[in-house]
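Here is the structure we will look at.
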Amino acid sequence: MATNGASESARQALINAYENELATTLKVLKAYPADKSELRPHAKCKNARELAWLFAMEQMLGTAAIHDKLDLSGGLPPAPDSLDEAILAFEKAGSDFLTALRASDLSGTVRFFTGPKQMGDIPKPQFLWFLLHDQIHHRGQFSIYLRMADGKVPSIYGPSADEPWM
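Counted from 1, the sequence shown has number 50 at position 34 by our numbering; the numbering is strictly sequential.
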């Protein structure tokens, strides 16, 4: 675990951000109508079930990175057969990730994409922030799927049409 104040506070900021964003992402995932899990807004897009699986996969990648076991050589496992399974996997992966994050000092680097067809070493904190920002980005994408599926979009950072604050 980190011992100096600056790195400890940076690690705590990352933990706090993940705790908040994982809860919000879970709220959005659980609002999605399971019977519309195969919705694919465009041929180049993932369907909703596959996009939900991406959230779980990113948490698994983060945990692997923390434990110095990130290995992309075998590709990523395919999405489960149901949206419910993807959501359960996200809950477990998020819990596992936070446990690992709380116990880590985040020293070292991970080998990951640094550009098109380029790999390089990235400091672990930078990689974990990247994963969090990517989750937030894809959650916005998923909220559009949710609207298209006639689900109720919950409040994310403020009121939504379905969850007004006034």
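Note that beta-carbon positions come from the ideal geometry of N, C-alpha and C, so glycine has one too.
In this text, all values refer to a predicted model and were calculated from it rather than measured experimentally.
In whole angstroms, what is the alpha-carbon distance linking residue i and residue j?
i      : j      : result
PHE113 : ASP166 : 31 Å
MET182 : SER53  : 31 Å
ASP100 : GLU107 : 11 Å
ASP84  : LEU42  : 26 Å
HIS58  : ARG118 : 39 Å
ILE138 : LEU122 : 12 Å
LEU38  : GLN28  : 15 Å
ALA26  : PRO49  : 37 Å
MET135 : GLY124 : 16 Å
TYR173 : ILE103 : 21 Å
GLU24  : ASP51  : 44 Å
SER171 : HIS153 : 16 Å
LEU162 : VAL169 : 6 Å
THR115 : ALA33  : 14 Å
ASP150 : GLN157 : 11 Å
PRO93  : ARG127 : 19 Å
THR40  : ALA95  : 21 Å
Tell me which residue opens and which closes the alpha helix (DSSP H) that residue i is part of.
i      : result
TRP181 : It is not in any alpha helix (DSSP H) - TRP181 carries neither H nor E in the DSSP assignment.
ASP150 : 140-164
ALA68  : 64-82
Based on DSSP bridge pairs, tell me the residues matched to residue i.
i      : result
PRO170 : For PRO170, which the question treats as bridged, DSSP gives no partner whatsoever.
Take the Cβ of residue i as the centre, count every other Cβ of all protein chains shown within 10 Å, and call the residue buried at 16 or more, exposed below.
i      : result
SER120 : buried
PHE129 : exposed
LYS60  : exposed
THR79  : buried
MET17  : Any answer about MET17 is weak, because its pLDDT of 45 lies below 50 and its placement is not dependable; what the coordinates show is given next. Result: exposed.
LEU148 : buried
LYS140 : buried
ILE160 : exposed
MET164 : exposed
GLN142 : exposed
Fill in: Unbroken stretches of the beta strand (DSSP E), 3 residues or longer, contained in the stretch 91-137
125-131, all fully within the stretch 91-137.
Worksheet item: Quick one: complete beta strand (DSSP E) runs, 3+ long, within the stretch 40-66?
Response: The qualifying runs do not exist here; there are none.
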